[in-house]
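Numbered per the working numbering, the sequence shown finishes at 637, counting up by one with no gaps.
Yeah, the Cβ is synthetic: ideal placement off N, Cα and C, and Gly gets one too.
All figures in this text were calculated on a predicted structure; none of them were measured in a lab.
As structure tokens, the structure follows; a few thoughts come after it.
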Amino acid sequence: MVKIRPFRFSCISNGARSREELITQAKKSEEVGVSTFLMTDHFDEASSFGIVGDPISTLMAVADATSLRIGSHVFCNDFYHPAVLYRQVAMLDQLSEGRFQFGLGCGYLAEDYKQAGLPFDRVGVRIARFEESVKLYKAYFQTDKLYFAGQHYTLDGLDVVVKSVQKPYPPLYLGGGGKRILSFAAREADVIGLAAKNNEHGLNWTSSLYEYNDEKLTWIREAAGERFEHIELSNTIFIAVVTNDREHVAYGVGQKLGLTPEQTLQCNHVLIGTIDQMVEELYYRREHFGFSSIEFRVADIGAVAPVIGQLAGR
């Protein structure tokens, strides 16, 4: 059995072409019941639906203009050195008065690395570096002077002057689709996203079907032990379509994802149907898989607003 938590909703943005557009996104999301505004972290426009914004400055602008919580979905670990990133995280939490959620990923899109001129190491190396960075994250906020000697990072008496408002550190969001990542997240994270497995070109949609959720949850439960009941489970919905013809739309979406219509309707990252069908589906996902933190693309918030209105906080 999974713990049933009240629903909370987040919107995921890739940025905006102007401050006015950004704040409009945020305020409209807040009005319909969204509680958290999240920003992606890519250089590749194709992965970001045509807009690539800087997450740090964007999130601070949203925090200043609204009462929303803010968060990264997710910072790419290889774009930053921990000594720099965690100082920025501390300032985001300070300036937002304790409203920041920290999401971190190991990086997976080869095009991001190519554009930035960064080496795209094999996945095992990227994961090891990511795991070490997470350990550093927790250590950073619990000391005044940080010493660390690892395989990938070395800090020699780093002065930690800025502290976070949230203690012991801003909530940590980690996600993934493989056993190593999810088991690590189970031991370290406050929020875990069950995601499709990634390859250098993007998402493997088949790996996010319902039939694989039980195995993923078993990995998390076994690695988490007693802390499992304190972990919030998250569901990112990349494709949300409100329609009276669910099967027809599922066929078209499935063609693009390489899924059958039946598989498309049982994919964690897809939500298709009438408002009532969407509500029913999210109840099903929470009851069977524990998904209570639901994340929609900001572009879909207007269409799914009635869903959020019915479920937020319940």
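Which residues bound the beta strand (DSSP E) around residue i?
{"i": "K468", "result": "K468 to A472"}
{"i": "L311", "result": "Nothing in the structure corresponds to residue 311, since the chain is present only between 324 and 637."}
{"i": "L427", "result": "F423 to G428"}
{"i": "G516", "result": "V514 to L517"}
{"i": "R550", "result": "It is not in any beta strand (DSSP E) - R550 carries neither H nor E in the DSSP assignment."}
{"i": "V565", "result": "I562 to V565"}
{"i": "I598", "result": "I598 -> not in any beta strand (DSSP E); alpha helix (DSSP H) instead, spanning I598 to F612."}
{"i": "G575", "result": "It is not in any beta strand (DSSP E) - G575 instead sits in the alpha helix (DSSP H) that spans R569 to L580."}
Would you give the residue range spanned by the alpha helix (DSSP H) that residue i belongs to?
{"i": "I624", "result": "I624 to L634"}
{"i": "F453", "result": "V446 to Y463"}
{"i": "E434", "result": "A433 to A439"}
{"i": "E354", "result": "R342 to E354"}
Does the beta-carbon distance from residue i to residue j come in below 7 Å?
{"i": "I631", "j": "F332", "result": "yes"}
{"i": "A518", "j": "G498", "result": "yes"}
{"i": "G356", "j": "A635", "result": "yes"}
{"i": "F398", "j": "L427", "result": "yes"}
{"i": "E610", "j": "K326", "result": "no"}
{"i": "F366", "j": "A439", "result": "yes"}
{"i": "M414", "j": "L382", "result": "no"}
{"i": "G421", "j": "Q489", "result": "yes"}
{"i": "F330", "j": "R637", "result": "yes"}
When you compare only the Cα positions, how much space is there between residue i and residue j?
{"i": "P378", "j": "V385", "result": "10 Å"}
{"i": "Y431", "j": "R449", "result": "9 Å"}
{"i": "N567", "j": "P584", "result": "15 Å"}
{"i": "S530", "j": "R608", "result": "16 Å"}
{"i": "A406", "j": "K486", "result": "13 Å"}
{"i": "V565", "j": "A626", "result": "7 Å"}
{"i": "A563", "j": "P442", "result": "34 Å"}
{"i": "Q348", "j": "R550", "result": "35 Å"}
{"i": "G447", "j": "C429", "result": "10 Å"}
{"i": "N337", "j": "D435", "result": "14 Å"}
Under 8 Å Cβ to Cβ from residue i, same chain only, skipping five residues before and after it: list those, please.
{"i": "E604", "result": "L594 and G596"}
{"i": "K350", "result": "A388 and T389"}
Which residues in the same chain have their Cβ closer than 6 Å to the Cβ of residue i, if we skip the five residues on either side of it in sequence?
{"i": "A509", "result": "I543, A546 and A547"}
{"i": "D467", "result": "V483"}
{"i": "E618", "result": "S333, I335 and T559"}
{"i": "V457", "result": "E511"}
{"i": "D364", "result": "P378, F398 and C399"}
Quick one: what's got a C-beta closer than 7 Å to residue i's C-beta in the same chain, skipping five residues either side?
{"i": "L526", "result": "A519"}
{"i": "V602", "result": "V630, Q633 and L634"}
{"i": "P493", "result": "V412, D416, F423, Q424, F425 and S487"}
{"i": "L478", "result": "A406, L469, Y470 and F471"}
{"i": "G577", "result": "T583, P584, Q586 and T587"}
{"i": "F561", "result": "H592 and R620"}
Inset, instruction - Count the CB pairs spanning the segment 608-615 and the segment 341-351 that are closer than 8 Å, and state whether there are at least three. - result: In this structure the segment 608-615 does not touch the segment 341-351; the number of beta carbon pairs closer than 8 Å is below three.
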